[in-house]
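A short worksheet on the structure shown next.
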Amino acid sequence: MDIKNIIEAALFAANEPLSIAEIQDLFLLEDRPDKHRVREAFVQLTRDYAEKPIELVETASGYRFQVKSSYSPWVARLWEEKPVKYSRALLETLAIIAYQQPATRGEIEEIRGVSVSTNIIRTLQEREWIRVIGHKEVPGRPALYATTKEFLDYFNLQTLADLPPLASLLDMELSVSGDTQLNLGDDSPIHEGITHYEKTPSGEHSTDSL
Amino acid sequence: MDIKNIIEAALFAANEPLSIAEIQDLFLLEDRPDKHRVREAFVQLTRDYAEKPIELVETASGYRFQVKSSYSPWVARLWEEKPVKYSRALLETLAIIAYQQPATRGEIEEIRGVSVSTNIIRTLQEREWIRVIGHKEVPGRPALYATTKEFLDYFNLQTLADLPPLASLLDMELSVSGDTQLNLGDDSPIHEGITHYEKTPSGEHSTDSL
Amino acid sequence: MQKTPTLIESGQQSLVWVSGKPFYELPDDLYIPPDALEVFLETFEGPLDLLLYLIKHQNLDILDIPVLKITEQYIEYIDLMQNLRMELAAEYLVMAAMLAEIKSKMLLPRQLTEDAEDEDPRAELIRRLQEYERFKRAADDIDALPRLYRDNFLVTAELIVDKMDKPVPDVELESILIAFQDVLRRADQFTHHHIQREALSVRERMSRILARLSDGNEEFVAFNSFFTRAEGKQGAVVTFLAILELCKEGLLEIVQGEPMSELWLKPIIE
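Taken in order, these protein sequences are the chains called A, B and C.
If you read the first sequence in this note's numbering, its first letter stands for residue 1, the second for the next number, and so on.
If you read the second sequence in this note's numbering, its first letter stands for residue 1, the second for the next number, and so on.
If you read the third sequence in this note's numbering, its first letter stands for residue 1, the second for the next number, and so on.
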């Protein structure tokens, strides 16, 4: 297969800009093009699409195809009065952040059992329903997400405590005791937490999360 | 602006197949191309992309660009997760609904010889591959399941008639009563199904929203 | 199929003619090491699937099943499962009963009438097997169809417009709850998540405290400043728990200049 064609296909299929390194990773080691070759493909593609209504652009995080802005008056009508529905994945991510905040992406993924796309996080941030309120002190220092005032406003809530109680819908299914992640009835784990922390200020409890 | 270019831009920007009507709606009344003109654009676009790694295809709900499947080995590497493999139980259930629709759970169980788990039905509904289109007028009023446009879109089909043909039953000299199975060549089975439920207006679309 | 006969062949070594072909020994399809039985059971989608397997693997004609033979094999298999106390779906037993019934009917002298409609006792079974087989094949066919995200990928190009121009979807609070409920139900399959309402307010407080710690310009914020009289005892408890929990998760540090002096909170951030 032609390297340029593979790159072209990947740029079209990806939902986000692709960096040169990400593009190189598409290939098995023995076929991996060097940076030069990838850049060359970009140049060719830019030329290929010169006459078309879309163009290859470079953004901060890589390259992507986008519709030439002169077409937006027509294309934007696709969304007129027809807001796209949020995906289930997005709603689930939002729900987890709302009920389990602050939560890292890893924690969300662990609960959902699948990875959370950058797109979803971005959409929620753009909508100003979630924001980063810190970073967890574990390797990689992942961002901790929490809901915002705008989120509460949108849903007409005074505080998060006004979120519908889970109990009403979950019935017995979840009342299985088992290991609590935040056991309020019993102080011991928390005290332990402090003792621990005094010796090892960070990281110690990285696995406590969900 | 060239009509073909606008259509091309819209097909690229949309995340789902676009129907001819949706494409016509992109234009203001005075510029609106007729169906003929839109179709012509599709033909031209198909030709334009013949040599490219992407192609214009028609599915149940309209036209979309997709990556040619010969590139999927590379493109699939963009996602770490492997595509889901569906269980045989799920595929068999889906196959029975696809070919015998509308079908009740009881009918599916009768064919498979085992009970159908609620999980499977729910998964199929969550994927929006099947939906309840009515209830059979027998005791218990079981739900009648049928496949959706999304199912066809997902599997690159335009109509149910594009499904691979169902193997025919071998003749037994044992003379099995000639109970007919539904023919997929036309829409009649679905219409038949509808006659069943038109009498019972309530609840029939309750699951439409899925 | 020239494997050695195994535990099921007991007492049945005679040469059998099936569809005009001689069979010298029983295939050993039925012999499975006991520890593999469970896996084996899972590979079958039910009694029809198992029967089809037995038939196919012996090249038998589905239209002319040697009921005696199949029934014995099937029942042998079921017995084996039961001896090993494997959880067997009821359908398997129903099928065993049905086979036994067919077998007994076959053994009875057929009423020699010209009544051709007098069905072969096997007819219903054969019909069901055939019916099942075609859908089994259809399932394979569907699985082989090119499908999205495995064989095909959607092509998109970004449209840059004022983001405001794209209307944002409306979401109902209820749908979030439902989404979360689904998540929990799924998650519950692997682990027990104990979620309680009380936790929520602590969680919220944790977010607020963290936000305040990271928003402020000061490196340290007074511990006391997080407690307000207006919130009462309960508020204080919640705040206290939240601070402890944050501490436990390594998100903040509680600092004290000297014994008995004021406590300060410091975010462990950047």
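Cβ atoms here follow ideal geometry from the backbone N, Cα and C, with glycine treated the same way.
Small disclaimer: the values here were computed from a predicted structure and weren't measured.
Ile111/B places its beta carbon 7 Å or farther from that of Phe44/C. At a cut-off of 7 Å between beta-carbon atoms, Asn119/A makes no contact with chain B. Think of a sphere of 7 Å around the beta carbon of Val114/B: the chain C residues whose beta carbon falls inside it are Glu45, Gly46, Ala89 and Glu91, in chain order.
Counting only the Cα atoms, Leu80/C lies some 23 Å from Ser115/B.
A check of alpha carbon separations from Leu28/A across Asn5/B, Ala21/B and Ala76/B identifies Ala76/B as the nearest. When C-beta distances to chain C are compared with 8 Å, the residues of the stretch 80-103 of chain A below that value are Glu80, Glu81, Lys82, Pro83, Val84, Lys85, Tyr86, Arg88, Leu91, Glu92, Leu94, Ala95, Ile96, Ala98, Tyr99, Gln100, Gln101 and Pro102, in chain order. Pairing Ile133/A with Pro102/A gives a Cβ-Cβ distance under 7 Å. Between the beta-carbon of Ala157/C and that of Phe12/B there is about 4 Å, and that keeps the pair under the 8 Å contact cut. Excluding five sequence positions before and after Asp153/B, the CB atoms of its chain that fall closer than 7 Å to its own CB belong to Pro17, Thr59, Ala60 and Ser61, given in chain order. In the three-state DSSP reduction, Pro73/A falls in the helix class (H, G or I). The criterion of a C-beta distance shorter than 7 Å is not satisfied by Ile243/C and Glu253/C.
The beta carbons of Ala161/A and Glu204/C sit about 7 Å from each other, so the pair counts as a contact at 8 Å. In the three-state reduction of the DSSP assignment, His135/A falls in the strand class, which pools E and B. Proximity of the stretch 90-106 of chain C to the stretch 116-130 of chain C meets the contact definition, three or more beta-carbon pairs being nearer than 8 Å.
The Cβ atoms of Ala9/B and Tyr86/A do not sit closer than 7 Å to each other. Residues of chain B whose Cβ lies closer than 7 Å to the Cβ of Val155/C are, in chain order, Phe12, Ile54, Phe65, Gln66 and Val67.
Contact note: Leu210/C reaches chain A through Pro102, Ile133, Gly134, Leu144 and Ala146, using a C-beta cutoff of 8 Å and chain order. In chain order, Ile120, Thr123 and Leu124 place their CB closer than 8 Å to the CB of Leu90/B, counting only its own chain and leaving out the 5 sequence neighbours on each side. Contact annotation: Pro142/A and Arg105/A have beta-carbon atoms nearer than 7 Å. Look at Leu157/B: its C-beta is not under 7 Å from any C-beta on chain A.
When Cβ-Cβ separations below 7 Å define contact, Asp151/C makes contact with chain B. For Leu154/C, the closest alpha carbon among the candidates Ala167/B, Lys149/B, Phe65/B and Ala50/B is that of Phe65/B. Residue pairing by DSSP places Gln256/C opposite Leu263/C in a beta bridge.
Going by beta carbons, Pro53/B and Asn5/A fall inside the 7 Å limit. Note on geometry: alpha-carbon atoms of Ala230/C and Ala146/B lie some 58 Å from one another. Residue range Arg88 to Gln100 is occupied by the alpha helix (DSSP H) that includes Leu91/A. Listed by position along chain C, the residues whose Cβ is nearer than 7 Å to that of Ile111/B are Glu131, Tyr132 and Phe135. Taking each of Glu245/C, Met106/C, Tyr132/C and Ile142/C in turn and checking the Cα distance to Gly46/C, the smallest one comes out for Tyr132/C. Put simply, the CB of Glu107/A is far from chain C, with every gap to its CB atoms at 7 Å or more. Per the coordinates, the alpha-carbon of Val168/C lies some 10 Å from the alpha-carbon of Glu126/A.
The beta-carbon distance between Ile142/C and Ala98/B, rounded to whole angstroms, is 7 Å. This is short enough to meet the 8 Å contact definition.
Taking 8 Å as the upper bound for CB-CB distance, Tyr74/C and Leu51/C are in contact here, some 6 Å apart. Spanning the alpha carbons of Asp25/B and Ala90/C requires a straight line of approximately 56 Å. When secondary structure is reduced to three states using DSSP, Ile130/A falls in the strand class. Proximity of chain B to Trp129/A at the Cβ level (cut-off 9 Å) is not reached, the minimal Cβ distance being about 21 Å. The DSSP assignment places 20-24 and 35-48 as complete runs of the alpha helix (DSSP H) inside the stretch 11-54 of chain B, in order along the chain (cut-off: 4 residues).
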